[in-house]
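Beneath this line is the structure, given in structure tokens, with notes to follow.
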Amino acid sequence: MGIDIADRKRTDEALRKSEEHFRRLTEQSPVPIAISNERGEIEYVNEQFVRTFGYTRDDIPNIDAWFVLAYPDPEYRREVQERWERSVETAIRSHSVISPHEYRVSCKDGTIRTVEIFGSIIGAWEQVIFNDVTDRKRAEETIKESRERFKNLVEASSDWVWEVDEHGVYTYASSKVRDILGYEPEEVLGKPPFDFMPPEEAERCFSIFKEIIESQKPFSLLENINVHKSGRRVVLETSGVPFFDNTGTLKGYRGIDRDITDRKSAEETIRYQAYHDLLTGLPNRALFADLLHHEILEMHRLGKGLAVLFLDVDQFKNINDSFGHSAGDRLIRQIASELKNSIREFDTVARIGGDEFTLLLPLMNRPEDASRIADKVMQTFNKPFIIDHHEIRLTASIGISLYPEDGPDAESLLKNADIALHFAKDQGRDNYQFYNSSISHRTLERIIFENRLRQAVERGEMVVHYQPQRNIKTGKITGAEALVRWNHPDLGTLEPAQFIPLAEETGLIIEIDQWVLSTVCNQVKTWESAGHALPFVTANLSARQFQQSALAGMIGNILEKTGLMPGNLGIEITETLAMRDTELTSRNLDLLNAMGVRLLIDDFGTGYSSLSYIKKLPIHKLKIDKSFITDLAGDKDDQAITNAIVAMAHILKLKVVAEGVETKEQESLLESQNCDEMQGFLFSKPVRAEEFEKLLVSFAGRSET
2 MGIDIADRKR TDEALRKSEE HFRRLTEQSP VPIAISNERG EIEYVNEQFV RTFGYTRDDI
62 PNIDAWFVLA YPDPEYRREV QERWERSVET AIRSHSVISP HEYRVSCKDG TIRTVEIFGS
122 IIGAWEQVIF NDVTDRKRAE ETIKESRERF KNLVEASSDW VWEVDEHGVY TYASSKVRDI
182 LGYEPEEVLG KPPFDFMPPE EAERCFSIFK EIIESQKPFS LLENINVHKS GRRVVLETSG
242 VPFFDNTGTL KGYRGIDRDI TDRKSAEETI RYQAYHDLLT GLPNRALFAD LLHHEILEMH
302 RLGKGLAVLF LDVDQFKNIN DSFGHSAGDR LIRQIASELK NSIREFDTVA RIGGDEFTLL
362 LPLMNRPEDA SRIADKVMQT FNKPFIIDHH EIRLTASIGI SLYPEDGPDA ESLLKNADIA
422 LHFAKDQGRD NYQFYNSSIS HRTLERIIFE NRLRQAVERG EMVVHYQPQR NIKTGKITGA
482 EALVRWNHPD LGTLEPAQFI PLAEETGLII EIDQWVLSTV CNQVKTWESA GHALPFVTAN
542 LSARQFQQSA LAGMIGNILE KTGLMPGNLG IEITETLAMR DTELTSRNLD LLNAMGVRLL
602 IDDFGTGYSS LSYIKKLPIH KLKIDKSFIT DLAGDKDDQA ITNAIVAMAH ILKLKVVAEG
662 VETKEQESLL ESQNCDEMQG FLFSKPVRAE EFEKLLVSFA GRSET
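Under the numbering used here, the first residue of the sequence shown is numbered 2, with each subsequent residue one higher.
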């Protein structure tokens, strides 16, 4: 009996020591541990359990089983309990540990933690180990979210995201490769980028990528051409960065490909437009100058010459005025096509603006070589051009400069060809001229004169003189003709004949005419406000004005702005203009007549066409050309002509004004023929507004209203 007691004591002591050792181990464990009895009640928890979940040992008696802590609701707790009990039963049957499972448990402070729970069966006891994986799960979730975010960004991006290994073979391709190259990502994997490039591009890029991989450095914005699955070419912009393993060994590159095909196309379009004429597709001035510069260098190297031809289509502005700019554009395209067909394959033709073209002819050793091609170019204008079923016959003027004789560089050759062109125009147009120093000075003077004319209105150098018109029988002032003069700072006062032809040729006449009309209307309104009665003042308009659809609107705006009544303004047109295009002219004249503006035929009697236009046009007066007045006293034919004009005009209920009356004898003859009015030096030359106002004052009470 004593032995049994002793054995039991030894056993109890061993058990105590074992339990003490076990508790010491569990207390030192870095993971939460709970011990439950055969009823599932928690008997013991270690210190880490307390720290992790916040439940003290005093709270343990109130917790029936650990799965009571399961979150968030009773249903989930039942699910956890059932799963745990099945795991325990399995462990008992198999004499193994309880398999781990993840659960969500609620801490005392209400926070939720994710734990991996497993354990073992020790007799009737269950040892439950709680491995807190909350931080790990949070990190995994963060990584998952990051990957999902990256995936979403990659898929949302218009760029193709890729990865290649250290050998340059694709190991990843985003789905955007389908949009960019037409391939599925799987079709790209395992292949190098060069498999999707044209051969010549693959060869170029292979050496570039080889250097990049050897450098192990990032690269960006590398442009390369790929071939879409459909066969079309795609321009990509590639950027990438290297990535390495833990040892620092290069594992490959990751990057993006951006489709810049549309951008490159737009850039090409902009570049093309910067150096080409959009109407004809020919090189423009900038490209021509560049080509000329390079050709000069090449000819210098070869010891050869070249020629520059500067071509201008004669009187092309009349085409625009008569047929409209759209028809003019179509004609320019025809001319460009003919010029290209008239030169050699290696020659260049360019359009540098308006109706001006330049031609570059390399390998010209003699002037005769340039003449031969210039003759061929001129021949293209021998046949008519067809526009809107109309045959248009044109001529051209050409100036030619030669390298190296006429200049060492592009600028001087173009300038001298332009000078030669102006000389060709001075010679009557429809010809070509070579540059030489003797014409340079004359042409330069003309160019300077033209530039000064462009500035004349702006600088206030233009002035209007007024020549009175008188009733032959009563002597009363019936009106005045406004005549423009140019007070040239170096050449003095210039008559219209000295600058109007150039103004018409350059198109400056439009601006000058508008200025004259505005000045005249302002002046007549000023006289009217000062109490000086004047029936009306006439102004001369060029033929080009009557080709402007906005002519009536322009005059209407001036009248409205100045406050002058339309009946106080007269417009003179030449008989030649009236006969040139009756339909077009009459449309503008009808509009002006409807406004109340008075209309006169100037230089009547100098035309050689039917007089039926007088009946059709809304004319108020005829002005007999001074060529019939000069010898009126001694020339019976002139007397017969003037008498016939007056008689015809009166039948048509038109008044007649005789121009250029300088003698009393001329006045008497005109009076005997019942001519209504006269204008000329006999009464007054054209005078400035201030002097004309003095005439009005001196004739106050005698002017007709």
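For each residue, glycine too, the CB sits at the ideal point set by N, CA and C.
Tell me the residue span of the beta strand (DSSP E) that contains residue i.
i	result
K622	K622 to I625
Q434	Y433 to F435
G564	Element bounds for G564: n/a, residue is neither H nor E.
I319	One point to set straight first is that residue 319 is Asn, not Ile, in the sequence displayed. Element bounds for N319: not the beta strand (DSSP E) but the alpha helix (DSSP H), F317 to F324.
T359	E357 to P363
Q468	M463 to N472
I344	Here I344 belongs to no beta strand (DSSP E), and DSSP marks it neither H nor E.
S37	I34 to S37
K656	K656 to E660
Y254	L251 to D260
CB-CB under 7 Å to residue i, same chain, minus the five flanking residues each way: which ones, in chain order?
i	result
E185	R179
L495	R486, W487 and H489
Q674	T643, N644 and V647
M365	G306, L307, A308, A371 and L403
V688	H466 and Y467
L222	E238 and S240
V236	E224, I226, I261, T262 and K265
L633	D639, Q640, T643, Q667 and L670
Report the residue from the options whose alpha carbon sits nearest the alpha carbon of residue i.
i	options	result
D677	G480, M379 and R58	G480
F195	H168, T250 and E663	H168
L696	E666, A534, G635 and Q549	A534
L422	I440, F435, G400 and G408	G400
K192	C206, F210, V170 and I213	V170
V165	F693, S158 and A174	A174
W67	R87, E76 and V46	V46
D410	K562, I118, Q640 and F289	F289
I34	S95, S107, A7 and V129	V129
Could you spell out where the alpha helix (DSSP H) holding residue i opens and where it closes?
i	result
I401	Taken as a continuous stretch (DSSP letters only), I401 belongs to no alpha helix (DSSP H), being part of the beta strand (DSSP E) at A397 to Y404.
P101	No alpha helix (DSSP H) contains P101, which is instead part of the beta strand (DSSP E) from I99 to S107.
N675	Note, N675: premise wrong, no alpha helix (DSSP H); not H, not E.
F289	R286 to L303
A425	A411 to D427
N644	K637 to I652
I213	P200 to S216
S88	P75 to S95
I61	Neither: I61 is in no alpha helix (DSSP H) and is coded neither H nor E.
V525	I510 to S530
If residue i sits next to residue j, beta carbons under 8 Å apart, how far is it from one beta carbon to the other, in whole angstroms?
i	j	result
I478	F700	5 Å
V540	I572	In the sequence as displayed, the identity of residue 540 is Ala instead of Val. So it is a contact: roughly 6 Å between Cβ atoms.
T172	G253	7 Å
S176	E149	No, S176 and E149 are not in contact; Cβ-Cβ is about 15 Å, not under 8 Å.
E48	S37	Wrong, their Cβ atoms sit about 18 Å apart, outside the cutoff.
P619	G597	Actually they are not in contact, since the Cβ atoms of P619 and G597 sit about 11 Å apart, beyond 8 Å.
I556	L518	6 Å
T396	D431	4 Å
I118	F131	6 Å
Considering only residues of the same chain and omitting the five flanking positions on each side of residue i, which have a CB-CB separation below 6 Å?
i	result
F424	Q434, I440 and T444
A690	Q524
P219	V242
G559	The residue asked about is misnamed: residue 559 is Ile in this sequence, not Gly. Closer than 6 Å at the Cβ level, and outside the excluded window around I559, lie L518, S519 and C522.
T575	D603 and D604
Is any non-hydrogen atom of the ligand FMN found closer than 7 Å to the C-beta of residue i, if you look at the structure I gave you?
i	result
T112	Absent from the structure shown: the ligand FMN. Ligands present: none.
Considering only residues of the same chain and omitting the five flanking positions on each side of residue i, which have a CB-CB separation below 8 Å?
i	result
A553	N589, L592, L593 and M596
E392	P385 and F386
I93	I122
Determine whether the Cβ of residue i lies closer than 8 Å to any Cβ atom of chain D.
i	result
R233	Included in the structure is just one protein chain, with no chain D present.
- prompt: Can we say the region 349-369 touches the region 300-313, given the rule of at least three CB pairs closer than 8 Å?
  reply: yes
field: Touching by the beta-carbon criterion (3+ pairs, under 8 Å), the region 313-320 and the region 257-271
entry: no
message: For the pair the region 368-386 and the region 259-269, tell me if three or more CB-CB distances fall below 8 Å.
response: no
field: Cβ contact (3+ pairs, closer than 8 Å) linking the region 502-518 and the region 450-459
entry: yes
message: Quick test of the definition: if touching needs 3 or more C-beta pairs under 8 Å, does the region 269-276 touch the region 195-213?
response: no
- request: Evaluate the contact criterion for the region 290-304 versus the region 335-348: three or more CB pairs, one atom per stretch, below 8 Å.
  value: no
field: Touching by the beta-carbon criterion (3+ pairs, under 8 Å), the region 80-91 and the region 25-40
entry: no
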